[in-house]
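Presented below is the structure to which this report refers.
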Amino acid sequence: MFKSDKNKTKAWKKLESEYKRFKKVEMRDLFEKDDKRAEKYTLELDDLTFDYSKNRFDENVLNALLNLAKERKVEEKRDAMFAGKKINSTENRAVLHVALRNRSKKAIKVEGKNVMEQINKVLAKMKKFSDAVRYGEFKGYTGKKLTNIVNIGIGGSDLGPVMVCEALKRYWMKDINCYFISNIDGTATAETLKNLDPETTLFIVASKTFTTIETLTNAKTCRKWLVDALGEHAVDKHFVALSTNKEKVEEFGINPENMFEFWNFVGGRYSLWSAIGLIICIAIGFENFEKLLEGAYAMDEHFKTAPLNKNMPVIMGLLGLWYNNFFNIHRYCVVPYDEYLKYLPSYLQQLDMESNGKGVDKDGNFVKYSTGPAIFGGAGTNVQHSFFQLLHQGTDIVPVDFIVPAISHNEIGTHHEILLSNVLAQGEALMRGKTVAEAANELKKAGKSEDEIEALKKYKSFTGNRPSNILLLKKIDPFSLGQIIALYEHKVFVQGAIWNINSFDQMGVELGKQLALNILPELQGKSFALNHDSSTMSLIKKIKNLRK
Ligand code: G6Q
Numbered sequence: 000m001f002k003s004d005k006n007k008t009k010a011w012k013k014l015e016s017e018y019k020r021f022k023k024v025e026m027r028d029l030f031e032k033d034d035k036r037a038e039k040y041t042l043e044l045d046d047l048t049f050d051y052s053k054n055r056f057d058e059n060v061l062n063a064l065l066n067l068a069k070e071r072k073v074e075e076k077r078d079a080m081f082a083g084k085k086i087n088s089t090e091n092r093a094v095l096h097v098a099l100r101n102r103s104k105k106a107i108k109v110e111g112k113n114v115m116e117q118i119n120k121v122l123a124k125m126k127k128f129s130d131a132v133r134y135g136e137f138k139g140y141t142g143k144k145l146t147n148i149v150n151i152g153i154g155g156s157d158l159g160p161v162m163v164c165e166a167l168k169r170y171w172m173k174d175i176n177c178y179f180i181s182n183i184d185g186t187a188t189a190e191t192l193k194n195l196d197p198e199t200t201l202f203i204v205a206s207k208t209f210t211t212i213e214t215l216t217n218a219k220t221c222r223k224w225l226v227d228a229l230g231e232h233a234v235d236k237h238f239v240a241l242s243t244n245k246e247k248v249e250e251f252g253i254n255p256e257n258m259f260e261f262w263n264f265v266g267g268r269y270s271l272w273s274a275i276g277l278i279i280c281i282a283i284g285f286e287n288f289e290k291l292l293e294g295a296y297a298m299d300e301h302f303k304t305a306p307l308n309k310n311m312p313v314i315m316g317l318l319g320l321w322y323n324n325f326f327n328i329h330r331y332c333v334v335p336y337d338e339y340l341k342y343l344p345s346y347l348q349q350l351d352m353e354s355n356g357k358g359v360d361k362d363g364n365f366v367k368y369s370t371g372p373a374i375f376g377g378a379g380t381n382v383q384h385s386f387f388q389l390l391h392q393g394t395d396i397v398p399v400d401f402i403v404p405a406i407s408h409n410e411i412g413t414h415h416e417i418l419l420s421n422v423l424a425q426g427e428a429l430m431r432g433k434t435v436a437e438a439a440n441e442l443k444k445a446g447k448s449e450d451e452i453e454a455l456k457k458y459k460s461f462t463g464n465r466p467s468n469i470l471l472l473k474k475i476d477p478f479s480l481g482q483i484i485a486l487y488e489h490k491v492f493v494q495g496a497i498w499n500i501n502s503f504d505q506m507g508v509e510l511g512k513q514l515a516l517n518i519l520p521e522l523q524g525k526s527f528a529l530n531h532d533s534s535t536m537s538l539i540k541k542i543k544n545l546r547k
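In numbering that gives the first Met the number 0, the protein residues as written are 0 to 547.
Listed below in C-alpha cells is the structure:
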C-alpha cells in the first residue's frame, strides 16, 4: 500500500515530508513557544482526560495524519463494523463486540437478523445466575454457598476477565473469591485447587471453541477433582460453560442448561463483554457489570460521532502510527499507575499484538510497511525501578501511555500523592530531558569539582523529546474501566484500518494450537519423531531421557 509507488498514497507522502521537516523539532521548544499546547491537545470525555500534548507533532503533522485517516477511510470502516458488516474478511464474520455493550434500544443486524435479541437474552441469564450465586440461591451439591469461583480459560477467555476482576477488586462481594486457571502447566491447577473446598467451588469453563487443549485439559482435571470428592451428580451444581459450541460442551460433560452462549461475531480478545464476563458479574454484581458496559458504550458513541480531530481513539491510533511508520519505532509501553490495573498491560499486549501483528493486507498482499508494535508495560511506580532506565537513556525511543486515577481506592496517608507526583514527573522528564549543560550546572550546584563535572555530565544528561500520553481518570470504577478498554480496542481498530489489515483473525495463535498436537504423541512415545529439524529431534530425545 505505502512503499511501492503504485500504492503510496498522497497523505502518506505528505507525512514522509512532514517527518523530514519535523524530526529534529524538540517538544520542549514547542511547549515554550505555545503556552496553550496542553489545552489544545487535550481531549475529555466524562471524567476521562486524554492529554496527548507531549508527543512529537505540530498542527501540520496532525493535519497530515488526519488526512491519512480520511484517505484510508477510517470512518467508513468504523461505520461498517458498527453496522454488522463482515469486516473480518478471512473468517467471513461480522465484528460486533460493540453490540454486546449497545445500551441503546437500536437494533444491530447481521444478515438482516437483529443480534440484540440474543445478546439481551444471554445478559438476562447472566444476571439471573450471577445473582443466584451471589445471594446463595444457586448452591453447591451439598447445599453450601459457592464462594470460590474458578475461571478456566486461556488467551481471550482469560485475560479480559482476570484483568477486569483484578481492576475492580474493590467491588467484589465480601465472601466471594475469584481464581483463574489458564496455563496448561499443572502447577496452575495444582496451586489453585490446593486451597479450595469442592463443596464451595464453582468452575466456569470459558472457551469460545471448546476445543482448546489447555482449557479442556485443565477443566478435565478440575472435573475429576470435584467428582472424586462429591461424585458425578455434583457436576451440574459446580460446572458451567461459556462457549459458542454447544455440542462440544455437552460432549465434555457439562449440562447445556449450564451453558452461557456467545457467538462467532465476538472475537476472543474482545469477549469480556459477553458471557465470558460471567465471573466478573459474580464478583462485582450484574449492576456493576452493566456500568462497565455503559462505560464502553460511552466510548463507542464518542468513537462513532466525534470529529476525527477530537476523537480519542483516532488521535491515539494516529500518533502510534506516526512513530511506528515514520520514526521507525516498533515498540510501545503502557504503564498504569495503579496497583489494581497491574494486568492491563498484559491484556493490552494481547489486544494489540494479536489484532495488529499481521503481515498480509486485506487485499491478500504481503505488507511492505510495519504494522503492530511490540507492547509491554507494568504498574508504576514499580517499573520506574526496572525498565525506565531504557525509556530515559536508552538508544531506542519508546512511546509511553501513562494511565492514572486522581483518586485511589486506598487513600492512605500521602501514598497517592507520591504516586501522582511520580507519574507527572516521568512524563515531564521524558519530554524535557536534560541537556549536558544543564547536567553540568546541576553538578556544579551540588558542589562537584570541575573534573568530576567533566567526568559525569554526559552520563547525567537525558536527550528528552520522548513521547508520552497521559490518560487521567477520576477513579477506577466499572464505568471508567469500560471507557479505557474500549478506547484501546478502537485505537487498535484505527491502526488496523489504516494499515489495511484484518485486526480480527489470529492465524498465528492457531498455528501453536496445531503444532503442539503433532509433537505430543512423539513425546508420549506413541509415535516416532521423524520430520523435525535436528534441534527439535534432539530435544525430544533429551526430554524423553530426562523424564524416564
Ligand atoms: C483471541 C484468541 C485467543 C483465544 C484463545 C482461547 O482473540 O483467539 O487468545 O481466545 O486461544 O480460545 P478459546 O476461547 O476458543 O478456548
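Where is the CB? At the ideal position from N, CA and C, for every residue including glycine. Nothing here was measured: the structure is a model prediction, and the numbers come from that model.
Environment of residue i [buried if 16+ CB atoms lie within 10 Å]
| i | result |
| --- | --- |
| glycine 495 | buried |
| alanine 485 | buried |
| serine 526 | exposed |
| alanine 472 | Correcting the residue identity first, residue 472 is leucine in this sequence and not alanine. With 16 or more Cβ atoms within 10 Å of its Cβ, leucine 472 is classed as buried. |
| threonine 210 | exposed |
| lysine 457 | exposed |
| threonine 370 | buried |
| isoleucine 542 | exposed |
| methionine 115 | buried |
| alanine 63 | buried |
| lysine 5 | Reliability fails at lysine 5, whose pLDDT of 48 lies under 50, so the model's placement of it is uncertain and no value is given. |
| threonine 304 | exposed |
| tyrosine 269 | buried |
| leucine 320 | buried |
| aspartate 28 | exposed |
| phenylalanine 365 | exposed |
| threonine 141 | exposed |
Residue i: first and last residue of the uninterrupted beta strand (DSSP E) it sits in
| i | result |
| --- | --- |
| phenylalanine 375 | 373–376 |
| arginine 330 | 330–335 |
| tyrosine 178 | 176–180 |
| proline 398 | First-last for proline 398: undefined, no H or E at that position. |
| aspartate 504 | Note, aspartate 504: premise wrong, no beta strand (DSSP E); not H, not E. |
| leucine 44 | 41–44 |
| serine 549 | The structure shown does not extend to residue 549, since the chain spans only 0 to 547, so no value can be given for it. |
| leucine 47 | 47–50 |
Cβ-heavy atom distance, residue i to ligand 1, below 7 Å
| i | result |
| --- | --- |
| serine 502 | no |
| arginine 578 | Coverage of the chain is limited to positions 0 through 547, which leaves residue 578 absent and any answer about it impossible. |
| threonine 216 | no |
| serine 156 | yes |
| glutamate 353 | yes |
| glycine 252 | no |
| lysine 207 | yes |
| isoleucine 212 | no |
| valine 94 | no |
| valine 508 | yes |
| isoleucine 153 | yes |
| glutamine 505 | yes |
DSSP-derived helix/strand/coil call for residue i
| i | result |
| --- | --- |
| methionine 115 | helix |
| valine 204 | strand |
| lysine 144 | strand |
| phenylalanine 285 | helix |
| isoleucine 151 | strand |
| arginine 102 | coil |
| isoleucine 539 | helix |
| leucine 472 | strand |
| aspartate 532 | coil |
| methionine 258 | strand |
| lysine 13 | helix |
| lysine 367 | coil |
| alanine 108 | The sequence shown places lysine at residue 108, not alanine. Strand, per DSSP. |
| isoleucine 402 | strand |
| lysine 361 | coil |
| lysine 309 | helix |
| serine 270 | coil |
| valine 382 | helix |
Element boundaries [alpha helix (DSSP H), containing residue i]
| i | result |
| --- | --- |
| alanine 439 | 435–444 |
| threonine 216 | 212–229 |
| alanine 496 | 477–498 |
| threonine 186 | 185–192 |
| phenylalanine 81 | 73–81 |
| phenylalanine 387 | 387–392 |
| valine 248 | 245–251 |
| glutamate 338 | From DSSP, glutamate 338 is part of no alpha helix (DSSP H); its letter is neither H nor E. |
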